[in-house]
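Since the structure comes first, as structure tokens, the remarks are kept for the end.
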Amino acid sequence: MIPTESYNCYEYFKNNTAAFGDYDAAIHFGHRIKRSALLSDIDRLAAYFKSAGLRRGDVYTVFLPTCVQSFVAFYALNKIGVIANIVHPLTPPELLKETMDAVGSKGVMLMDLLAKPYVDMLNFHNVPCVVCSNSDYVSPAAHPAFRGYELFAAHASSGIKNALSYRAAIHRCPPSDGVHNNGSDIAVYLHGGGTTGKSKTIKLSSKALNELAYKTGKVEHHNTPGVECSMIVLPLFHAFGLGVSMHFSMCEGFCCIPVARFKPRKANELMREYKVSFIVGVPNMYKKMFEQKNFEGKHLRNLELLFSGGDIVTEQFLDMFNSTIAKWGGKGRLFRGYGLTEVSSVCCANTYADFKRNSVGKPFYDMRVEIWDKDKKRLPANTVGEIAVSGSTLMEGYLNEPTSGVYTDDSGVRWVLTGDLGYIDEDGFLFFTGRKKRLIIISGYNVYPSDIEEKVIGVAGITEACAVQGYIEAKPIVKLYVALDSEPENKKKKIEEINEFCSENLPRFSRPTKIIILDALPRTRMGKVDFMKLCDPAPTEKRREREKAEKQEAKQ
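The opening position of the sequence shown corresponds to residue 52 in the working numbering, with each subsequent residue numbered one higher.
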């Protein structure tokens, strides 16, 4: 992959793939799209946006599932220096409007099949819209059937007053010139929890995203442009999905298969149909794919490089997953990685060259990862502290908060303090131990939920576990929520069994006081375990008094 220079993302994709010929750049509902056709659509959509008055530094909202149009929109906006405000396509109407207002968005691009709940809001505020359809990218033979269904199921989108269809937009203007060598410009706004848990709008530059693609390309892998496929199961509003799954794959010349709505059986079918060699996902996606009957088969030989991030994945599962690939003659492996949106997603990962069990790997090329104490002093090897990251993939900061999110040290080096806890061993491997905000302190001892979860998963039929802080009479305790592989005949007996295991295998202060069995753990929209829903609220004075009164009443 070529050096990033000062290219924007559009230039970096175009220049990286210039020597590859006219390969298959994407597949959408079985329809193959050549690089030349994709670039033509990008150039024409960019020209339309320019004719509509969008200029360098403006903001435009991409409100789409993972689809070819979302790729085209990102690169078209980037070509003319417009910031892509990428938002979850199921965000409620009023929250969408609030998000657009907060960033000064000048329009929105959305899917017709998802438009109905938003029509009134868009019309009331007269928001300029580009409306996409699945039929935009299908074979000529399939187009009538797709279009017929859309006219029936998505007729509500025709009620948007200030709207133009995607097809009309890309045929309205001939390609025109864009902005050049503006890699330091903001490319995208992504919306996340921030390193402190509060909602933030994160600013990422083209340079940061290009550097991420370049560094990912340093990981050992093989790719024949247009032959090997990247199955893009993560959404673009997720930094891992945008930066690695999509942008790296596009720049590397993979044939990209966007998956608008993740369904594990369908994902396995795509692996069977196409030569999928690269996947980036969260643990729950891989688990669901693995559980399907159609997971196994000779198609697993095609898998070469798979990354998992965003949540905890156990060694037990990695062993099962990778041994199944090997069973079918495959040499690929699923690797655990680590990162966050503030550093454009992944910054550490296990690889073929550098691997250690239970770790999240070593830092990517030219990235620095250190462990700091509360005074921002570097800690020695094997000492738990806050993970700090520095390098060329760092964000430019949070929107409207110029002084927060990035720390500049005395040498002028920029760092992101992640809010995560971990340690680096003597060989340079990073071990993630949990979120600072998840840290439980019992009688002055630090309790790391991930240590508890990793220990109990697989024991007594436990398939998922989440340890959180609870309270009894205002005193902190460990609460353990578990999901089982089958309904227990006797819940009380099963809890006793789990409790006995914890007593024998966990340090005293890490042992759960309460164990609760759930059918399934709650999850966020991204499929991560939503531990916040399981945490007890911090005790207030009124709550303490109420619990004390209830205890006295129970004694009577």
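Beta carbons are placed, not taken as given, at the ideal position from N, Cα and C, and that holds for glycine.
Roughly how far, in whole angstroms, is the beta-carbon of residue i from the beta-carbon of residue j, given that I think they are within contact range, below 8 Å?
| i | j | result |
| --- | --- | --- |
| I131 | R107 | 7 Å |
| V154 | T252 | 7 Å |
| L535 | I568 | 6 Å |
| F482 | N409 | 7 Å |
| C224 | S102 | 5 Å |
| G485 | Q367 | That pair is no contact at about 19 Å. |
| D75 | I221 | Going by Cβ atoms, the distance from D75 to I221 rounds to 19 Å, so no, they are not a contact pair. |
| T68 | P276 | 7 Å |
| I211 | N177 | Contact flag wrong, Cβ pair sits at about 10 Å. |
| R138 | F288 | Note that residue 138 corresponds to Val in the displayed sequence, not to Arg. That belief holds up - the Cβ atoms of V138 and F288 are roughly 6 Å apart, short of 8 Å. |
If I measure Cβ to Cβ from residue i and keep anything under 8 Å in the same chain, skipping five residues before and after, which residues do I get?
| i | result |
| --- | --- |
| K310 | Correcting the residue identity first, residue 310 is Val in this sequence and not Lys. Closer than 8 Å at Cβ, skipping near neighbours: T117, M282, I283, V284, K317, A318 and L321. |
| F552 | V507, V510 and A511 |
| R312 | P116 |
| K349 | W379 and G380 |
| G521 | P527, I528, V529, K530, T564, K565, C586 and D587 |
| V295 | L263, A264, T267, V331, F358, S396 and V397 |
For the beta strand (DSSP E) containing residue i, list its first residue and its last residue.
| i | result |
| --- | --- |
| K565 | K565 to L569 |
| G199 | Note, G199: premise wrong, no beta strand (DSSP E); alpha helix (DSSP H) at H194 to A204. |
| D471 | R465 to I475 |
| I78 | D75 to H79 |
| F582 | That residue, F582, is in no beta strand (DSSP E); it is neither H nor E in DSSP. |
| S281 | C280 to I283 |
| P140 | Here P140 belongs to no beta strand (DSSP E), and DSSP marks it neither H nor E. |
| T150 | Not the beta strand (DSSP E): T150 falls in the alpha helix (DSSP H), residues P144 to V154. |
| T252 | K251 to S256 |
| E437 | G436 to S441 |
| I53 | Counting along the chain, I53 falls outside any beta strand (DSSP E), and DSSP gives it neither H nor E. |
| V310 | No beta strand (DSSP E) contains V310, which DSSP labels as neither H nor E. |
| F482 | L481 to R486 |
| L164 | Run containing L164: none; DSSP gives neither H nor E here. |
| I492 | I491 to I493 |
| I237 | I237 to G243 |
| V181 | C180 to C183 |
| Y111 | V110 to F114 |
Can you list, in chain order, the residues of its chain whose CB lies under 6 Å from that of residue i, leaving out five sequence neighbours each side?
| i | result |
| --- | --- |
| P315 | K339, M340 and Q343 |
| T55 | N261, E262 and Y265 |
| N59 | N129, N233, G234 and S257 |
| L351 | I376, W379 and G381 |
| K593 | Model confidence at K593 stands at a pLDDT of 49, short of 50, so the residue's coordinates are unreliable; what they give is reported in the following sentence. Same-chain partners within the cutoff: there are none. |
| T459 | R465 |
| L357 | I330 and L385 |
| S57 | N232 and G234 |
| P334 | S359, D362 and V364 |
| S190 | H82 |
| E421 | R429 and A439 |
What is the residue span of the alpha helix (DSSP H) that residue i lies within?
| i | result |
| --- | --- |
| C302 | S300 to E303 |
| Q120 | V119 to K130 |
| F64 | C60 to N67 |
| H505 | In the sequence as presented, His is not what sits at residue 505; that position holds Glu. Residues P500 to V507. |
| E524 | Segment: none, E524 is in no alpha helix (DSSP H) and carries neither H nor E. |
| F71 | F71 -> no alpha helix (DSSP H), and no H or E assigned at all. |
| S537 | Here S537 belongs to no alpha helix (DSSP H), and DSSP marks it neither H nor E. |
| F346 | Element bounds for F346: n/a, residue is neither H nor E. |
| L90 | R86 to S102 |
| I221 | Y217 to I221 |
Can you list, in chain order, the residues of its chain whose CB lies under 7 Å from that of residue i, leaving out five sequence neighbours each side?
| i | result |
| --- | --- |
| S28 | As shown, the chain starts at 52 and ends at 607. That puts residue 28 outside it, with no answer to give. |
| L450 | V154, Y240, T252 and K254 |
| P226 | D94, R95 and A98 |
| I53 | N66 and N67 |
| Y416 | K266 and K269 |
| H272 | E355 and L356 |
| G304 | T68, F71, Y74, N274, P276 and G277 |
| C517 | E504, Y532, L572, V580, F582 and L585 |
| R218 | D187 |
3-residue-minimum beta strand (DSSP E) runs that sit fully inside the stretch 372-433, ordered along the chain = 384-391, 396-400 and 419-423
key: contact_flag[the stretch 398-413, the stretch 421-433] where n(CB pairs < 8 Å) is 3 or more   = no
ask   = Would you call the stretch 54-71 and the stretch 125-141 in contact, with 3 or more CB pairs under 8 Å?
value = yes
task = Say whether the stretch 161-176 touches the stretch 137-144, bearing in mind that this needs 3 or more beta-carbon pairs closer than 8 Å, one atom from each stretch.
result = yes
key: Stretch-stretch touch, CB-based, cutoff 8 Å, three pairs: the stretch 569-581 with the stretch 359-374   = yes
ask   = Counting pairs of beta carbons, one from the stretch 431-451 and one from the stretch 474-487, are three or more of them closer than 8 Å?
value = yes
query = Taking contact to mean at least 3 C-beta pairs separated by less than 8 Å, is the stretch 157-166 in contact with the stretch 181-188?
reply = yes
ask   = Of all the beta strand (DSSP E) runs that stay within the bounds of the stretch 315-339, which reach a length of 3 or more residues?
value = 327-332
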